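Residue numbers (this note's numbering): 2 to 483.
As structure tokens, this is what we get:
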């Protein structure tokens, strides 16, 4: 059994204990044993990052560009291999996993370019003979805490801008999926970046994450994960004066209007609700359908769901892989029972499933699940399930659909299926979400544009694209007497 250590100050460091990384498609398949760090490991990683910061933050931008470009190139060159690893440890299908790896490589190459594009301003002062310069500088040591559902893309979109803008990093990946993060750390380690600039400490969040958040030498925390943990991190960061960036839950609406193209609306709803096993923060779990198209939409969506093949994530022909863990499967099934108890009508799925592709291995499989005739106030429509579970809400018209779509404590993504330019334009302006899709799945965003939401979904500056500089840099205003 291969063992994988933490990366601290440019060295692979053994841990006191290791945890098995198991394939959710095949519970007999153990990918490897990954280090379980402790608070002392976090202390050492932060000390290394702090020591490396002065030189790295003032290093030449060409050196930073070249290192990030090399990282991106290697990721892209190995996307088949890394995608297979990702599918094996997380459970999304191999094509989806390869696509995610490709996105990670593109992110590093984009931010390689951003190293050369960090601009400032020169302004005249209101006082004669004085010049004003406005520049951006790195914030310092940044702690990055990433989730299990995108085990290489989300670390990439946090690490790449942090390094591009001259920060030093300590990464704590999700304990369920350390393999992709370790492979990424190995690529970064061999890219020519100086020791201490990037550090990887694996282990449980209650130990590693807490130590990162509370350490006085960490200037900023970027977190993607659950609402409860995110709120606790926000409180701790505010108390200690750290910058904080949070991406948390979603309960994303997909409106289908009477004038929608039915086949298109069904396909984008299936893609948003069930692909990646519904384990995307941008997944559409609330399908809000207007009166005249409602019966035809339900019938067509049920037929589309019946064609979804659930099976081994790496097997050819699989459309939907397993849920990531036993605990997640139990949570998903518990919401099925909650929905039934509240009066929702189960139209498809609702139970654990057998593996229909590959070798029939034992894994955490669940059938894609649909509830119909649900009410907006039901828990199934208020709380994030984070699995292949969608519910349909029947509404009268666009105005009611918009009101229901916005009636949520979250605001990450929202979609509308319509052929009406008037309704599409109105929805883009009045949807209370950070990202709006018209006749497209809510799940699926570009790497070079901002990502983030409103209300309980996000807190702090946006991630990705040029907007990433708002979090990973601080603004300085300098005056000079001519």
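Positions of the beta carbon are idealized from the N, C-alpha and C atoms, including for glycine. None of these values were measured; they are calculated from a predicted model.
Nearest-angstrom beta carbon gap, residue 54 and residue 221 [assumed within contact, 8 Å]: A Cβ-Cβ distance of about 12 Å is found for the pair residue 221 and residue 54, leaving them out of contact under the 8 Å criterion.
Inter-residue spacing [alpha-carbon to alpha-carbon] between residue 350 and residue 337: Roughly 9 Å separates the two Cα atoms.
Cβ-based burial, residue 118 [other Cβ within 10 Å; buried from 16]: It counts as exposed.
Candidates 144, 173, 272, 133, of which the one nearest residue 152 by Cα: Comparing Cα positions, the closest option is 173.
Inter-stretch contact at 8 Å, needing at least 3 Cβ pairs: the segment 121-136 / the segment 71-78: For the pair of segments examined, the segment 121-136 was found not to touch the segment 71-78: the number of CB pairs separated by less than 8 Å stays below three.
For residue 354 and residue 313, the rounded distance between their alpha carbons: Counting only the Cα atoms, residue 354 lies some 12 Å from residue 313.
Given residue 369 as reference, the closest of 462, 309, 234, 440 once Cα atoms are compared: Among 462, 309, 234, 440, the Cα nearest to that of residue 369 belongs to 309.
Element boundaries [beta strand (DSSP E), containing residue 325]: In the DSSP assignment, residue 325 falls outside any beta strand (DSSP E), carrying neither H nor E.
Spatial distance of residue 175 from residue 227 (CA atoms): In this structure, the straight-line span from the alpha carbon of residue 175 to that of residue 227 is close to 12 Å.
Per-residue burial, residue 90 [other beta carbons within 10 Å of its own, 16 or more giving buried]: Residue 90 comes out buried.
Length of the line joining the Cα atoms of residue 30 and residue 87: Cα-Cα distance, rounded: 14 Å.
CA nearest to the CA of residue 453, picked from 439, 469, 440: Closest option to residue 453, Cα to Cα, is 469.
Beta-bridge pairing of residue 31 - partner residues as DSSP gives them: Looking at the DSSP assignment, residue 31 forms a beta bridge with 23.
Host beta strand (DSSP E) of residue 80 (start-end): Element bounds for residue 80: not the beta strand (DSSP E) but the alpha helix (DSSP H), 80-91.
Distance cut-off 7 Å: residue 379 Cβ against heavy atoms of the ligand COA: Annotation note on the ligand COA: not contained in the displayed structure, which lists no ligands.
Inter-residue CB distance, residue 251 and residue 391 (contact presumed, cutoff 8 Å): In this structure, residue 251 and residue 391 do not form a Cβ contact; the two beta carbons are roughly 13 Å apart against a cut-off of 8 Å.
Integer-rounded CB distance, given that residue 247 should sit under 8 Å from residue 460: In this structure residue 460 touches residue 247 by the C-beta definition: roughly 4 Å separates them, less than 8 Å.
Assigned secondary structure, residue 341 (DSSP; H/G/I helix, E/B strand, else coil): If DSSP states are grouped into helix, strand and coil, residue 341 belongs with the helices.
Buried/exposed call for residue 409, threshold 16 Cβ in 10 Å: For residue 409, the number of other beta carbons within 10 angstroms of its own is at least 16, and it is reported as buried.
The segment 296-305 contacting the segment 260-279, beta-carbon criterion three pairs below 8 Å: Yes, the segment 296-305 touches the segment 260-279.
Rounded C-alpha distance that separates residue 413 from residue 158: Rounded to whole angstroms, residue 413 to residue 158 spans 17 Å at the Cα level.
C-beta contact flag for residue 356 and residue 365 at 8 Å: No, Cβ-Cβ distance for residue 356 and residue 365 is not below 8 Å.
Burial state of residue 344, where buried means 16 or more other Cβ atoms lie within 10 Å: With fewer than 16 other Cβ atoms within 10 Å, it is exposed.
Neighbourhood of residue 327 by C-beta distance below 7 Å, restricted to the same chain and skipping five residues each side: Spatial neighbours of residue 327 in its own chain (CB-CB distance under 7 Å, excluding positions within 5 residues in sequence) are listed in chain order as 365.
Sub-8 Å separation of residue 394 and residue 340 beta-carbons: For residue 394 and residue 340, no; Cβs fall outside 8 Å.
For residue 192, three-class secondary structure by DSSP: It is coil, neither helix nor strand.
Minimum C-alpha distance to residue 12 - residue among 3, 34, 42: When only C-alpha atoms are compared, the closest one is 42.
Per DSSP, the bridge partner or partners of residue 125: Paired residue(s): 132.
Start-end ranges of the beta strand (DSSP E) lying completely within the segment 412-438, minimum 3 residues: Counting only runs of at least 3 residues, the segment 412-438 fully encloses the following beta strand (DSSP E) elements, listed from N- to C-terminal order: 414-418.
Backbone CA spacing between residue 170 and residue 146 [nearest angstrom]: Residue 170 and residue 146 have their C-alpha atoms roughly 11 Å apart.
Proximity below 8 Å, CB of residue 324 to CB of residue 466: Contact flag unset, no.
Residue nearest to residue 189 in terms of C-alpha spacing, selected from 415, 177, 113, 68: Minimum Cα distance to residue 189 is reached at 68.
Simplified DSSP assignment, three categories, for residue 353: Reduced to three states, the DSSP call for residue 353 is strand.
Cross-strand partners of residue 169 (DSSP beta bridge): Bridge partners of residue 169: 142.
Buried versus exposed call for residue 114 [16 or more other C-beta atoms within 10 Å across all chains shown]: Counting of Cβ neighbours within 10 angstroms places residue 114 among the exposed residues, the total staying below 16.
In DSSP terms, what residue 244 is bridged to: The partner list for residue 244 (beta bridge, DSSP) reads 221.
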